Amino acid sequence: MQKILNYINGEWLDPAGVEYFDVLNPASGALIARTPLSAASAVEAAAQAAAAAFPAWRRTPVQERVQYLFKLRDLLKSNLDEISRAITDECGKTFEESKAEMVRAIENVEVACGMPMMVKGEIVEDIAPGIDEILLRQPVGVCATIAPFNFPGMIVFWYFPYALAAGNTYIVKPSEKVPATMQVIFRLIEQAGFPKGVINLVNGAKETVDAILDHPQIRAITFVGSTNVAKYIYSRAAANGKRVQAQGGAKNPVIILPDADMDMAVRITADSAFGCAGQRCLATSLAITVGEARNAFTEAICDAAASRTVGYGLESGIQMGAVINAASKARVEQLIGVGAAEGAGLPVDGRGTRIRGYENGFFVRPTILTDVQPGSEIWKTEIFGPVLSLMHVNTIDDAIALANSHVYGNQASLFTSSGAAARKFRYEVEAGNVGINIGVAAPMAFFPFSGWKNSFFGTHHGQAMDAVEFFTQQKVVVERWPKEWTRKF
Ligand code: NAD
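Dropping the structure here:
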């Protein structure tokens, strides 16, 4: 069983005398690690280390700071398989999905390596004769990320590469459900040679998070997780005067028009709904057919769901892995039952799945609910499992209105061959990420990432220039240099 340590001030530390959270391999149910639930003292040590490292790191030229990220990028690439195996073993997704996750992480490091271009200030000379106005972007200080379980490797990379490149120092708090991936990644961070204290790792759960939210030396916090916790993080961190952005849950709709390429719509919707066992914030969970699209789509998506190969993500030919733990399997199965009790059809029912050789795993096969009604429990609730709810309307206006009536706004997609319909959808739909003939509209690292409505609390988003804005504070300097003085030179 793997020992999970904190990494504080360049040292691997065992936070002894704390409680532990058992981490099971979701496919086998075997105990693989125990996450130490660090007390506030570990956060205190990490914050002190990061605060002590900040002055020298801030004064390190940006073009030197990014050299550490270039090294880290190479290390991540050459250790991609090892990291991906760790992700699959603790999170349950397939090896290919784990690798794809890390490709996104690496992409963010690469974009952050362009920080010298991104952190540049601005100047307007002679706003009045001899007076110049200058905008500087300076780091905010010690920053932290609180991460969810579903992307054990990628999510922290939406933030820390930008923060470090911009001159901040950092604390990462992974989900207690998936601590092992960060052990591998922090070994590589150590090898990249960042100065002591510049980046720290603290494992734990609520008590650890609360200590981060309340620590006076931590100036900016990013969170990714469920909406209720996002609201809590946002309000408590803001009440403590910190910068904060909090990404929350989702219930992403896809609309299928009758003129869509039906094969493409079915294949891509199935990948979006069932990829990563539906445990993606960009997973499709509602499919709204319009007019004549209904029958062809329903039949084909049921076939796609029923034929997906489910099993241990490190075995070849597996298209979908397990959900994260027993509680999640029980919750997903219970919600499928709620949908059926509310009157939805259940042509493909993934409850009670047992995989030969993995009888103790937490598997739920792809599930389809039909005729789901707006306002029903199953329509409202984020299931976060491989469950797709089908709905039907008569017009694109009805479909967009239905999509927009949801409290979440993380992603919405449309399948069509009509440019006019696509333009209308893009214009009217209320979501931070929009796909046109795309099922997972995950922005590349050079675009910002976040949702709208109850899927996001904050202003600046993750990735790219939004991350630069979030992790820097602007200072405007107005300087007077009278002509009589400069004439001397
Ligand atoms: P979660 O909210 O349970 O946990 C996220 C983090 O918050 C963890 O680090 C956990 O330790 C901490 N936490 C949990 N409860 C807490 C509490 N009461 N007080 C303080 N800290 C607490 O989320 P999860 O189950 O790990 O992840 C799944 C959720 O994340 C889904 O809702 C999914 O939609 C969402 N998600 C959103 C995005 C996005 O970009 N919007 C991306 C990935 C996941």
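To convert, note that position 167 of the sequence shown is 190 in the working numbering; the numbers rise steadily by one, no gaps. Glycine included, every Cβ here is placed at the ideal spot set by N, Cα and C. As the structure is a computational prediction, the values presented were derived from the model and not from experiment.
Cβ pair residue 323, residue 289 closer than 8 Å: yes
What does the alpha-carbon distance come out to for the pair residue 414 and residue 171? Taking C-alpha positions only, residue 414 is separated from residue 171 by approximately 29 Å.
For the ligand NAD, is there any heavy atom lying closer than 7 Å to the beta carbon of residue 407? yes
Does DSSP classify residue 391 as helix, strand or coil? In this structure, DSSP gives residue 391 an extended state, which the three-state scheme calls strand.
For the ligand NAD, any of its heavy atoms closer than 7 Å to the Cβ of residue 466? no
State buried or exposed for residue 80, treating a residue as buried only when at least 16 other CB atoms are found within 10 Å of its CB. buried
Contact check, residue 129 vs residue 99, beta carbons under 8 Å: Yes. Within cutoff.
The alpha helix (DSSP H) enclosing residue 491, as first and last residue numbers: According to the DSSP assignment, residue 491 belongs to the alpha helix (DSSP H) that extends over 487-493.
Uninterrupted beta strand (DSSP E) stretches inside the segment 271-345 (no shorter than 3 residues): 275-279, 307-313
Check for me: the alpha helix (DSSP H) holding residue 78 runs from which residue to which? 63-82
Using CA coordinates, which residue listed in 496, 497, 500, 492 is at the minimum distance from residue 182? 492
At what residue ranges does the segment 395-445 contain a whole run of the alpha helix (DSSP H), taking only runs of 4 or more? 400-403, 419-427
Which residues in the same chain as residue 340 place their Cβ atom closer than 7 Å to its Cβ, once the five residues preceding and following it in sequence are excluded? 332
Which class does residue 100 belong to by DSSP, given the choice of helix, strand or coil? helix
Which whole-angstrom value is the C-beta distance of residue 316 and residue 279, which I expect to be below 8 Å? 5 Å
Put residue 374 into one of helix, strand or coil per three-state DSSP. Reduced to three states, the DSSP call for residue 374 is coil.
Please work out which residues of its chain come closer than 8 Å, Cβ to Cβ, to residue 397, disregarding the five sequence neighbours upstream and downstream, and give them in chain order. 414, 425, 428
By alpha-carbon positions, which one of 93, 110, 232, 126 ends up nearest to residue 70? 232
Taking Cβ positions, are residue 50 and residue 336 nearer each other than 8 Å? yes
DSSP three-state label for residue 456, please. Collapsing the DSSP output to three states places residue 456 in a strand.
Burial state of residue 177 (16 or more Cβ within 10 Å): buried
Per-residue DSSP class, three states only, for residue 89: helix
Cβ pair residue 127, residue 144 closer than 8 Å: No; because the gap between Cβ atoms is not below 8 Å, this pair is not in contact.
Using DSSP's beta-bridge definition, name the partner residues of residue 44. 58
Less than 8 Å between the CB atoms is what I'm expecting for residue 200 and residue 46, so what's the real figure, rounded? 7 Å
Given 7 Å as the limit, tell me if residue 270 has its C-beta closer than that to any heavy atom belonging to the ligand NAD. yes
Within the continuous alpha helix (DSSP H) that includes residue 183, where are the two ends? 183-188
Please confirm whether any heavy atom of the ligand NAD lies closer than 7 Å to the CB of residue 255. yes
Kindly identify the DSSP beta-bridge partner or partners of residue 155. 502
Take residue 374 and list the residues in its own chain whose beta-carbon comes closer than 6 Å to its own, dropping the five residues that flank it on each side. 356, 359
With hydrogens ignored, establish whether the beta-carbon of residue 199 is closer than 7 Å to any heavy atom of the ligand NAD. yes
Cβ shell of residue 95 (< 7 Å), same chain only, five flanking positions each side left out: Cβ neighbours of residue 95 beyond the five flanking positions: 132, 211, 212, 215.
Any heavy atom of the ligand NAD closer than 7 Å to the beta-carbon of residue 207? Within the chosen limit of 7 Å, the ligand NAD does not reach the beta carbon of residue 207 with any heavy atom.
Confirm the yes/no value for this check: CB of residue 169, any heavy atom of the ligand NAD, distance under 7 Å. yes
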